[in-house]
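J.: Residue numbers for the sequence shown follow full-length UniProt numbering, so the first one is 1 and each next one is one higher.
Below are the C-alpha cells for one structure; questions will follow.
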Amino acid sequence: MMTTALLSTPALGFAFAAGGAGLAWLWFTGLGSVALIVVVALLLLGYLFGRWADEALPEHPVRAVRLMDGQVLAIAALTAAATAIAMVAAASIVAPETPAGAGPDVARAAAELRSVLTALATALTAFITGLAYRAENVDTSIGNRVRAMFYDAYPGENPTPEAREAAARRVRRRRVLPAGSAAETAVYSDGAIPDWSRANRLLRAQRLEAALRPVPEPPAA
C-alpha cells in the first residue's frame with residue numbers, strides 16, 4: 001500500500017533530507033516566507049488528521065488508525081525544518097580567507113580558525129538534527145499515540161491504571177469493553193499481537209471492529 005511505503009524508514013529518511021534541503025533552498029533564494037508557510041501547512045494537516053482520527057472513535061477504529069498515519073506530515077515538517085535550520089546555520093559560518101601576502105603565522109592562524117569554524121558548524125548541525133525525529137522512530141511515535149487514543153476510547157471493565165487515567169481525560173464518547181471479550185483482547189493483549197507497529201495496530205483495529213459489529217438476529221421462524 002502507498003501509506004505503508006511512505007511510512008517505511010528509507011522513504012521517510014529520504015523525505016526528511018529532501019524536505020530539509022528544499023526548505024533551506026527556499027531560504028537561500030529569499031523565499032523564507034514560503035518555507036514557513038509550507039511548514040505551518042503541514043503541521044496543521046498533521047494536527048487535523050489527529051483530530052479526525054480521534055473523532056472517528058469509538059465507532060470506526062480502522063478508520064482512526066488509517067487517519068493517524070497522516071500524523072507523519074507534522075513529523076516530517078518538524079524534522080525538515082530542523083534539517084533546514086542546521087543547513088542554514090552551517091552555511092552561515094564562513095571562515096575568512098587567508099589574506100594575500102600574509103606571513104606564515106597569519107596563514108597558520110587562518111587555517112586553524114577555518115578548522116574551528118568547520119568543527120563548530122558540524123557540531124551545530126548534529127545538535128539541531130538530533131532534536132528532530134529519526135525516521136526509524138516515527139512508526140513507534142505514531143503507534144504510541146494510537147495506543148493512547150484506544151485506551152481513551154475503549155476502557156475495559158477492569159482497566160489498567162494507565163488506561164483508567166487515559167479514559168478519565170477523554171471528553172468524547174467511550175465504549176467499555178467487557179472483560180475477557182475479543183474486543184478487549186484486541187486492544188489490551190500483548191500476546192497474540194505484540195506491539196503497536198503499523199501492521200499490528202491496523203490488525204488490532206480490524207479485530208476490534210469485527211468484535212464490535214452487531215451480530216445479526218436470526219430470521220423469525
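C-beta: ideal position from N, C-alpha, C; glycine also.
Fair warning: this is a prediction, and the values are worked out from it, not measured in the lab.
Provide the residue(s) that pair with G156 in DSSP beta bridges, ordered along the chain.
T.: Taking the first residue of the sequence shown as 1, we reach residue 156 at position 156. Answer is L177, bridged to G156.
J.: Which parts of the region 26 to 67 are runs of the alpha helix (DSSP H), unbroken and 4 residues or longer, counting only runs that do not cross its ends?
T.: Here the runs fully enclosed are 32 to 56.
J.: Look up I85 in the DSSP assignment and say whether it is helix, strand or coil.
T.: Your numbering for residue 85 matches position 85 in the sequence shown. Reduced to three states, the DSSP call for I85 is helix.
J.: Determine the contact status of I75 and G46, defining contact as a CB-CB distance below 8 Å.
T.: On the sequence shown, position 75 is the one that residue 75 refers to. On the sequence shown, position 46 is the one that residue 46 refers to. It is a contact, given that the beta carbons lie within the stated cut-off.
J.: Measuring alpha carbon to alpha carbon, tell me which of M149, A77 and R174 ends up nearest R204.
T.: By 1-based counting over the sequence shown, the position of residue 204 is 204. Nearest of M149, A77 and R174 to R204, Cα basis: M149.
J.: Pull up the distance between the alpha-carbon of residue 291 and that of M87, whole angstroms please.
T.: Only positions 1 to 221 of the chain appear in the structure, and residue 291 is not among them; the question remains open.
J.: Measure from the alpha carbon of A77 to the alpha carbon of each residue in E112, A15, Y151 and T185, then state which is nearest.
T.: In the sequence shown, residue 77 corresponds to position 77, counting from 1. The shortest Cα separation from A77 among E112, A15, Y151 and T185 belongs to A15.
J.: Would the region 184 to 200 and the region 51 to 60 be scored as touching if the rule is three or more Cβ pairs under 8 Å?
T.: Segments in contact, no.
J.: Just mark W196 as buried or exposed, buried being the case when its beta carbon has 16 or more other beta carbons within 10 Å.
T.: As a working note, residue 196 is residue 196 in the sequence shown. Answer is buried; the Cβ neighbour count reaches 16.
J.: Taking the Cβ atom as the reference point for each residue, do L23 and F49 lie within a distance shorter than 8 Å?
T.: Start at 1 with the first residue of the sequence shown, and residue 23 comes out as number 23. Start at 1 with the first residue of the sequence shown, and residue 49 comes out as number 49. No, the pair does not count as a contact, with Cβ atoms beyond the cut-off.
J.: Using a Cβ-Cβ cutoff of less than 6 Å, which residues in the same chain neighbour V39 once the five nearest sequence positions on both sides are dropped?
T.: Looking up residue 39 in the sequence shown gives position 39. Within the same chain, V39 has close Cβ partners A77 and A81.
J.: May I ask which residues mark the beginning and end of the alpha helix (DSSP H) holding R207?
T.: As a first step, residue 207 is located in the sequence shown; it is residue number 207 there, counting from the start. First-last of the alpha helix (DSSP H) with R207: R198 to L212.
J.: Looking only at its chain, what residues have a beta carbon closer than 7 Å to the beta carbon of Q206, apart from the 5 residues adjacent to it on each side?
T.: Along the sequence shown, one-based indexing puts residue 206 at 206. Taken in chain order, the residues that qualify are V62.
J.: Please report how far the alpha carbon of T185 lies from the alpha carbon of L36, in whole angstroms.
T.: Position 185 of the sequence shown, counting from 1, holds the residue named residue 185. Position 36 of the sequence shown, counting from 1, holds the residue named residue 36. Their backbone Cα atoms lie some 44 Å apart in a straight line.
J.: Apart from the five residues just before and just after A17, which ones in its own chain have a Cβ nearer than 8 Å to its Cβ?
T.: In the sequence shown, residue 17 corresponds to position 17, counting from 1. Excluding positions up to five away in sequence, the list reads T83.
J.: Output needed for L177: all residues of its chain with C-beta closer than 6 Å, excluding positions within five of it in sequence on either side, in chain order.
T.: The count along the sequence shown starts at 1 and reaches residue 177 at position 177. So the list reads Y154, G156, A183 and E184, once near-sequence residues are dropped.
J.: For the alpha helix (DSSP H) that contains A182, what are its first and last residues?
T.: Counted from its first residue, the sequence shown places residue 182 at position 182. Unbroken alpha helix (DSSP H) run through A182: A182 to Y188.
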